[in-house]
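K.L.:
Here it is: the structure, laid out below.
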Ligand SMILES: [Zn+2]
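Protein chains in written order, with the working numbering: chain Z, 27 to 372; chain D, 669 to 1478.
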């Protein structure tokens, strides 16, 4: 073995390796070539094992040739590797392709009943106006539900509330949230800004298969200088917040035994916007709540001196608000708990 | 109340268009619910004159007529009525006409003769009550004119509020219209031509209780001919929604609608000696009322009676024996005032509430007794040809003075937020008939009525700062200063109330009682279910004493019953899968004490994961319910719930029910209740659609009023935690929760968590065994644990598990 032989072997190795690299079909083959040729026990190493037989002067020259060969093979490997990697990536991406047009895996999420949603929305608006939420009992006594609200026994105004009585003496299912006014006034001093949401009951139903329960939200504001004009301003703000800014509102006389003066509050028809349509009885207006200045009799039962304190109360049905807002045509839908209906309020 | 404008116009001039009038009335507090145009439905109905009336050639009971409508050739029309004769003017429905009830009139052949339209009865046009004969119009009715132009009317439906009984009448509403237009009012014709013996010779009235009957005015009308009322009157009554009966009954109804005064008439021949007594019923008395029901009379019932016994229930219903009939010759007119509460109670007791009792209940000014009697006598004379006996029997002829209500003009400004001058206020009140005086100069202070009723209050006011309103007798609703102020606002117009925002101090903060409830609702809605509405089942059930139906007689003590009903109802509609909850109240009683408590109810049925193209359907099971309860506890900042076997709840599957207990302290658990699958027997007995439904009924502290826990932001442990697994073989019936409790109790203070991660049955275990694999996590926030202390803890767990009957599986 002399220098020429060795140089020739190295060159043959180079050519063979480059051919193999060029022909390698994938990166795994390249890995194998690299190990076979350049590895610790590879062909290059075994060729160079002959270097010990050379004269010492020749050895550096062979070393230089070997390095050139190694460099050429490594360069070829790297080149081929990057070429193969990009085509393999392309192949892999192709393999992993999904039909992205299929629907996703359904996630479940529930919803709150529109009555509950409406009550929360109403409460949220009045909380912005500084009102705080109070609650009072649903099984009320006649005294608080009626008499303290200026509705004595056998008063013709009792016709406004068809009442369900229970077998607890002197008690009934509250017909409105208004007795909460009495309980709030008895419990705290003015300034009062209270909101009283809750369930009420009446001896009337849409039809035999429907219940007798509904929700109401009562509001009460009492202080030394709270006026009817303040009530008008506040309710107007409420209507803007609930139904959208720019909605026209209307104040007209109403009747409740526990307010004087009493008010009916209308907002412009959300369907026709004013000219009149079947939804608004051709009046252009939709009544959304009743209100008024708290009657002096009621203030007194609440423990307040009507000569010093005055204020207003209002009451609304969240179902009615919800019907107007969402264009719901039938009150029974609120009682049916038909999930096909409820699913719309997610 | 239905108000024909033609009737209203008798008492006040109306220049406003009907819709404009309706709006003005509404803004005055007399809400107009609808504006109806009567006659709009009579298309192609015109006035015609009968030229000839002959027998139909082939039908004895039909007539063949020729009719002219003033122009064109006479029309041949077949008619079945017998009251027709040549020369009469009648309504003719021409071919193409549409009558009430959407009845179309076409050219038709009747027994071989072509009929070119139809002659109409009053009933067919809904103009009068007569369905027998053709409506014969006055001879001077112009030919060819559409009937709607002659007899059409506009009817307002006015919602008169309960405090305004005075406005439950045409005259009362005319007063309101006059307040709007500022024009004068005309009064109904009350003057009567009187003749014959004075009324005192024929009629005497004794009132036993002047509180229950403050005034009774009687009149006597002799020689009436009972029959139909004039057509124009029938038309008017029908427009007002009252069916014509006879001239005598119609006269009563007419006065009630016009003046608001219910009138009763007696056949004078049926009144013993012409002597009426107003008294309470006596024990055992009975009366057959007009509806031919024999009634036992309660001793609280106020009666009109004669010497022989009861004749009528005062203000509520007359008796059959003294009812005016075709044979009646002489009529006694009763126009009385009764105590409103007595009438209301009586009407309720006998379930006989009527338009008349309604008006009595609202209270009537005593003046109406005289007006009503005179008006009724006049109408009986006009319509039934009666002779009115001179004078009236009147038990309280003194007419009342206007009530005096003092008020402070400045107070109006303070309450309304609207500055109105004193003269302005006086002028406004005058428009509704309230005169205003200044207090007499010699009194220093005036008592202002601030409140009345059960809580009267009056305030002393310097006379110079007060005015006195002279309230007309019919306004029984104006009692206190605030009533006068409302009247000012009403007449001035609520649209003139300024729009301001409250400038009063803000009340102090108060936490909302809804915090926990809202959070529970939000958490559950996020988990999946849809929302449908303290202590479990406390006390006895509360019953509704006047339920709408047997289904609604009992106040619920729990929520799940209603939720299962919702599931059943949805399944009936074809919706199989449901996940619903309600945060609502249960009710119960302890002795005479009513209790209410807040609860959470949850119900699941059908698929928890509905199938999709990329997922199998997965039915809801008890683990889903437990997962929901666990997530809820987590959201409320509570520890993981413990579930324990519950085999004794009759509504639940004994092998698939558990109690739930979470956290708590001396005041009780933070969350507690029961979960489970509806008992299969219940599904069999009640409704198959409830089968397999899973329910939870939970009490949660703070649901009534509570604050939410504030999560603590601890720094995550810097020292690694150590996991150790242990598999314990126990008998298959042994609840995993028990074994978990054993582990917790013996693993020492370094234990952070225990989780069941595998349950195994099968080889090599015995058939009666199962293996429960738990992962225990140990750690200390301040240091890294050493191997020995973890081994010590595991050794303690191992020996405790063994002692508890388990075998460690290696
Ligand atoms: Zn509209």
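Ideal Cβ placement from N, Cα and C applies to all residues, glycine included. On a predicted model such as this, the values are computed, not experimentally measured, just so you know.
Answer yes or no: the CB of residue 353 (chain Z) versus the heavy atoms of ligand 1, is any distance below 7 Å?
P.N.:
Position 327 of the first chain, counting from 1, holds the residue named residue 353 (chain Z). False, no ligand heavy atom lies under 7 Å from that Cβ.
K.L.:
Taking 7 Å as the cut-off, is the beta-carbon of residue 295 (chain Z) closer than that to any non-hydrogen atom of ligand 1?
P.N.:
On the first chain, residue 295 (chain Z) is found 269 positions in, with the first residue counted as 1. Residue 295 (chain Z): yes, Cβ under 7 Å from ligand 1.
K.L.:
Go ahead and label residue 680 (chain D) buried or exposed: buried means 16 or more other beta carbons lie within 10 angstroms of its beta carbon, across all protein chains shown.
P.N.:
By one-based count along the second chain, residue 680 (chain D) stands at place 12. By the 10 Å Cβ count, residue 680 (chain D) comes out buried.
K.L.:
Cβ of residue 1129 (chain D) versus every heavy atom of ligand 1: is any distance shorter than 7 Å?
P.N.:
Translated into the one-based positions of the second chain, residue 1129 (chain D) becomes position 461. Flag unset: Cβ of residue 1129 (chain D) not near ligand 1.
K.L.:
Measure from the alpha carbon of residue 83 (chain Z) to the alpha carbon of each residue in Z:297, Z:110 and Z:28, then state which is nearest.
P.N.:
To locate residue 83 (chain Z), count along the first chain from 1; it is residue 57. Checking every option, the nearest Cα to that of residue 83 (chain Z) belongs to Z:28.
K.L.:
Starting from the C-beta of residue 670 (chain D), find all residues in its chain whose C-beta is less than 6 Å away, skip the five residues before and the five after it, and write them out in chain order.
P.N.:
In the second chain, residue 670 (chain D) corresponds to position 2, counting from 1. Result list for residue 670 (chain D): 823, 825, 908 and 909, in chain order.
K.L.:
For the beta strand (DSSP E) containing residue 225 (chain Z), list its first residue and its last residue.
P.N.:
Within the first chain, numbered from 1, the residue matching residue 225 (chain Z) stands at position 199. Taken as a continuous stretch (DSSP letters only), the beta strand (DSSP E) holding residue 225 (chain Z) covers 218-227.
K.L.:
What in chain D is Cβ-close to residue 251 (chain Z), meaning under 7 Å?
P.N.:
Here residue 251 (chain Z) refers to the residue found at position 225 of the first chain. In chain order: 1172.
K.L.:
Tell me, which residues are paired with residue 1343 (chain D) by DSSP?
P.N.:
Along the second chain, one-based indexing puts residue 1343 (chain D) at 675. Looking at the DSSP assignment, residue 1343 (chain D) forms a beta bridge with D:1326 and D:1364.
K.L.:
Starting from the beta carbon of residue 356 (chain Z), find every residue of chain D whose beta carbon is closer than 9 Å, and list them in chain order.
P.N.:
Reading the first chain from its first residue, position 330 is the one you call residue 356 (chain Z). None at all; the shortest Cβ gap to chain D is about 15 Å.
K.L.:
Could you tell me whether the Cβ of residue 361 (chain Z) comes closer than 8 Å to any Cβ of chain D?
P.N.:
Taking the first residue of the first chain as position 1, residue 361 (chain Z) is located at position 335. Judged by the 8 Å Cβ criterion, residue 361 (chain Z) is not in contact with chain D.
K.L.:
State yes or no: is the beta carbon of residue 350 (chain Z) nearer than 8 Å to at least one beta carbon in chain D?
P.N.:
One-based indexing of the first chain puts residue 350 (chain Z) at position 324. Judged by the 8 Å Cβ criterion, residue 350 (chain Z) is not in contact with chain D.
K.L.:
Over the uninterrupted alpha helix (DSSP H) stretch that includes residue 796 (chain D), give me the two end residues.
P.N.:
For the purposes of this step, residue 796 (chain D) is taken as residue 128 along the second chain, with counting starting at 1. First-last for residue 796 (chain D): undefined, no H or E at that position.
K.L.:
Would residue 1220 (chain D) count as contacting chain Z if we go by Cβ distances under 8 Å?
P.N.:
In the second chain, counting from the first residue as 1, residue 1220 (chain D) sits at position 552. So, interface residue.
K.L.:
Our contact map puts residue 1411 (chain D) next to residue 1439 (chain D) with C-beta atoms below 8 Å; I'd like the distance itself, whole angstroms only.
P.N.:
Here residue 1411 (chain D) is taken as the residue at index 743 of the second chain, counted from 1. Here residue 1439 (chain D) is taken as the residue at index 771 of the second chain, counted from 1. With 8 Å as the limit, residue 1411 (chain D) and residue 1439 (chain D) do not qualify as a contact, their Cβ atoms being about 14 Å apart.
K.L.:
State the Cα-Cα distance for the pair residue 1265 (chain D) and residue 1335 (chain D), rounded to the nearest angstrom.
P.N.:
By one-based count along the second chain, residue 1265 (chain D) stands at place 597. By one-based count along the second chain, residue 1335 (chain D) stands at place 667. So the alpha carbons of these two residues sit roughly 16 Å apart.
K.L.:
Roughly how many angstroms lie between the CA atoms of residue 31 (chain Z) and residue 49 (chain Z), to the nearest whole one?
P.N.:
Here residue 31 (chain Z) refers to the residue found at position 5 of the first chain. Here residue 49 (chain Z) refers to the residue found at position 23 of the first chain. Spanning the two alpha carbons is a distance of roughly 27 Å.
K.L.:
Could you check whether residue 1138 (chain D) and residue 1070 (chain D) sit closer than 8 Å to each other, using their CB atoms as the reference points?
P.N.:
As a position in the second chain, residue 1070 (chain D) is number 402, starting the count at 1. As a position in the second chain, residue 1138 (chain D) is number 470, starting the count at 1. Yes, they are a contact pair.
K.L.:
Give me, in chain order, the residues of the same chain whose beta-carbon lies closer than 6 Å to that of residue 1333 (chain D); leave out the 5 immediate sequence neighbours on both sides.
P.N.:
One-based indexing of the second chain puts residue 1333 (chain D) at position 665. Counting only Cβ-Cβ distances below 6 Å, and skipping sequence neighbours, we find nothing.
K.L.:
Any heavy atom of ligand 1 inside 7 Å of the beta-carbon of residue 305 (chain Z)?
P.N.:
Here residue 305 (chain Z) refers to the residue found at position 279 of the first chain. For ligand 1, at least one heavy atom lies less than 7 Å from the Cβ of residue 305 (chain Z).
K.L.:
Mind checking if residue 778 (chain D) is an interface residue toward chain Z, Cβ cutoff 8 Å exclusive?
P.N.:
On the second chain, residue 778 (chain D) is found 110 positions in, with the first residue counted as 1. Taking Cβ atoms only, chain Z never reaches closer than 8 Å to residue 778 (chain D), which makes this a no.
K.L.:
Are the stretch 1045-1059 of chain D and the stretch 864-871 of chain D touching, with three or more C-beta to C-beta distances below 8 Å?
P.N.:
These segments touch.
K.L.:
Rounded to the nearest angstrom, what separates residue 62 (chain Z) and residue 103 (chain Z) at their Cα positions?
P.N.:
Here residue 62 (chain Z) refers to the residue found at position 36 when the first chain is read from its first residue. Here residue 103 (chain Z) refers to the residue found at position 77 when the first chain is read from its first residue. Their Cα atoms are separated by approximately 12 Å.
K.L.:
Does the separation of the CB atoms of residue 1083 (chain D) and residue 319 (chain Z) fall below 8 Å?
P.N.:
Taking the second chain and counting its residues from 1, one reaches residue 1083 (chain D) at position 415. Taking the first chain and counting its residues from 1, one reaches residue 319 (chain Z) at position 293. Going by C-beta atoms, residue 1083 (chain D) is nearer than 8 Å to residue 319 (chain Z).
K.L.:
With DSSP collapsed to three states, give me the class of residue 807 (chain D).
P.N.:
Counting from 1 along the second chain, the entry for residue 807 (chain D) is found at position 139. Coil.
K.L.:
What is the DSSP secondary structure of residue 298 (chain Z), reduced to helix, strand or coil?
P.N.:
As a working note, residue 298 (chain Z) is residue 272 in the first chain. It is coil, neither helix nor strand.
K.L.:
Who are the neighbours of residue 1167 (chain D) on chain Z, taking C-beta pairs under 7 Å?
P.N.:
Here the question's residue 1167 (chain D) lines up with position 499 in the second chain. Neighbours of residue 1167 (chain D) on chain Z, chain order: 255, 258, 259 and 262.
K.L.:
Which residues bound the alpha helix (DSSP H) around residue 264 (chain Z)?
P.N.:
Along the first chain, read from residue 1 onward, the residue named residue 264 (chain Z) stands at position 238. Here the alpha helix (DSSP H) through residue 264 (chain Z) covers 254-269.
K.L.:
In the DSSP output, what is residue 1267 (chain D) paired with across the bridge?
P.N.:
Within the second chain, the letter at position 599 stands for residue 1267 (chain D). Its beta-bridge partners are D:1252.
K.L.:
Nearest to residue 751 (chain D) by alpha carbon, out of D:731, D:763, D:743 and D:760?
P.N.:
By 1-based counting over the second chain, the position of residue 751 (chain D) is 83. Taking only the C-alpha atoms, the option nearest residue 751 (chain D) is D:731.
K.L.:
Of the residues D:738, D:918 and D:1013, which one's Cα is nearest the Cα of residue 645 (chain D)?
P.N.:
Lying before the first or after the last residue shown, residue 645 (chain D) is absent from chain D, which here runs from 669 to 1478.
K.L.:
Can you tell me which of Z:228, Z:364 and Z:247 puts its alpha carbon nearest to the alpha carbon of residue 1213 (chain D)?
P.N.:
For the purposes of this step, residue 1213 (chain D) is identified with residue 545 of the second chain, where counting begins at 1. Checking every option, the nearest Cα to that of residue 1213 (chain D) belongs to Z:228.
K.L.:
Just verifying my parser: in three-state terms, what is the DSSP assignment at residue 956 (chain D)?
P.N.:
Numbered from 1 along the second chain, position 288 holds the residue referred to as residue 956 (chain D). Reduced to three states, the DSSP call for residue 956 (chain D) is strand.
K.L.:
Consult DSSP for residue 670 (chain D) and reduce its assignment to one of helix, strand or coil.
P.N.:
Numbered from 1 along the second chain, position 2 holds the residue referred to as residue 670 (chain D). Residue 670 (chain D) falls in the strand class under three-state DSSP.
K.L.:
Jot down the residue ranges of each uninterrupted alpha helix (DSSP H) in the stretch 831-858 of chain D, minimum 4 residues, whole runs only, in chain order.
P.N.:
If we require 4 residues or more, the alpha helix (DSSP H) runs fully inside the stretch 831-858 of chain D come out as 838-849.
K.L.:
If the cut is a Cβ gap below 9 Å, which residues of chain D does residue 307 (chain Z) touch?
P.N.:
Indexing the first chain from 1 puts residue 307 (chain Z) at position 281. What residue 307 (chain Z) touches in chain D: 701 and 702.
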